[in-house]
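Engineer: If you count the sequence shown from 1, position 157 lands on 192 in my numbering, and the numbers rise without skipping.
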Amino acid sequence: MAESLPQSGEAAQMVQDLAQDFVRFAVDAGVLRFGEFKTKAGRMSPYFFNAGLFDDGAKMAQLSEFYAKAILASGIEFDMVFGPAYKGIPLAATVAVELARQGRNVPFAYNRKEAKDHGEGGSLVGAPLKGKVLIIDDVMSAGTAARESIALIQGAGATPHAMAIALDRQEKATENGRDVPHSAVQYVRDHLGLKVATIAKLEDLLAFLDQGDAAQEMREHHTRVLAYRRQYGVRD
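1. Per DSSP, what kind of secondary structure is GLY156 in: helix, strand or coil?
2. If you draw a straight line from the alpha carbon of THR258 to that of LEU134, how long is it in whole angstroms?
3. Take every Cβ of the stretch 230 to 248, pair it with every Cβ of the stretch 204 to 213, and state whether three or more of those distances are shorter than 8 Å.
4. Between which residues of its own chain and HIS153 is the CB-CB distance below 6 Å, once the five residues before and five after are set aside?
5. Whose CA, out of ALA131, TYR145 and ASN146, lies closest to the CA of ARG139?
6. Can you name, in chain order, every residue of its own chain whose Cβ lies under 6 Å from the Cβ of PHE83, other than the five neighbours on each side?
7. Going along the chain, which residues of its own chain have a beta-carbon closer than 7 Å to the beta-carbon of PRO195, five neighbours each way excluded?
8. If contacts are defined as beta-carbon pairs under 8 Å, then LYS148 and ALA191 qualify, I think. What distance do you get, rounded to the angstrom?
9. Report the three-state DSSP secondary structure of TYR82 (helix, strand or coil).
10. How many whole angstroms separate the CB atoms of TYR145 and GLY123, which I take to be in contact at a CB cut-off of 8 Å?
11. Taking ILE106 as the reference, give the member of MET49, GLY161 and GLY77 with the closest Cα.
12. Please report the distance separating the alpha-carbon of ARG254 from that of ARG78.
13. Does GLY156 pass the burial test, meaning 16 or more other C-beta atoms within 10 Å, or should it be called exposed?
14. Where does PHE89 sit, in a helix, a strand or coil, going by DSSP?
15. For the alpha helix (DSSP H) that contains THR129, what are its first and last residues?
16. Could you compute how far the alpha carbon of ALA76 sits from the alpha carbon of ALA219?
17. My assumption, with CB atoms under 8 Å, is that VAL66 sits in contact with ALA47. Please give the rounded CB distance.
18. Which whole-angstrom value is the C-beta distance of VAL260 and PRO81, which I expect to be below 8 Å?
19. Helix, strand or coil for GLY268? Go by DSSP, reduced to three states.
20. By the 10 Å Cβ neighbour count, where 16 or more other Cβ atoms means buried, how is THR179 classified, buried or exposed?
21. Only counting runs of 3 or more residues, tell me where the beta strand (DSSP E) segments fall wholly within the stretch 164 to 228, in order along the chain.
22. Quick one: residues in its chain with C-beta nearer than 7 Å to the C-beta of LYS104, no 5 flanking neighbours on either side, listed in chain order?
23. Where does GLN48 sit, in a helix, a strand or coil, going by DSSP?
Printed below as a string of structure tokens:
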């Protein structure tokens, strides 16, 4: 689930339970869907995760609770959170609120796509960027957004230290239209030097679809998702 400190058996089970609860929540909310979807890489995926469909207060509250629990369970050190425009903005704000509710009050900031030339000006909003910064986003299909956030954070004199995402697809990234042997998460972790915490991974989705009491429809989804992973998946 995360780039984390060693965990006891009880802690590891809590992480697995959190991942399963999150997958169930995403499916029930219609955020995680099954069918045939074209990805940015041009692949036909049997599932689609659209975090933009966490679109009401109750869903966002529950989503931020999952993020906060995953972040705290990861053991990653951070001094503040940062949300890259646009999807990362509500995530950073609501996760900061939930972290405070769970006893970890930290500042948060986000960026504008276009710098403001009046008022306070600039492209950064919120608390000043300083210390170790945790970037919060929904999914990671490439390292582009991470690199942009890293540049902003370093430009402000702070340290881009980690990322938290909802779902790790655990599949090969593409460069110049070609598959590469690593995933976007592995690229960010191994090449950009950021720790990565995730609420759930593709392997958690497969485990959810393969539960003993799963409906036949879920088992059929499992077969297709597993075939997709065998074709495009990476090993951690």
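Virtual Cβ for every residue (Gly too), placed ideally from N, Cα, C.
Structural biologist: Looking at the coordinates:
1. Low confidence applies here, because GLY156 scores a pLDDT of 49, under 50, leaving its location unreliable; read the following figure in that light. If DSSP states are grouped into helix, strand and coil, GLY156 belongs with coil.
2. 37 Å
3. yes
4. Confidence in HIS153 is poor, its pLDDT being 46 and thus under 50, which makes the residue's placement unreliable; the coordinate value appears in the next sentence. Answer for HIS153: no residue qualifies.
5. ALA131
6. ARG68 and PHE72
7. VAL168, ILE170, SER184, ILE185, ILE188, GLN189 and LEU229
8. Actually they do not touch by this definition, with Cβ atoms about 17 Å apart.
9. strand
10. 7 Å
11. MET49
12. 22 Å
13. Its pLDDT being 49, under 50, GLY156 is placed unreliably in this model, and the value from its coordinates should be taken loosely. GLY156 comes out exposed.
14. coil
15. 123 to 136
16. 12 Å
17. VAL66 to ALA47, Cβ: 26 Å. No contact.
18. 5 Å
19. strand
20. exposed
21. 167 to 171, 194 to 203, 207 to 210 and 213 to 218
22. LEU53
23. helix
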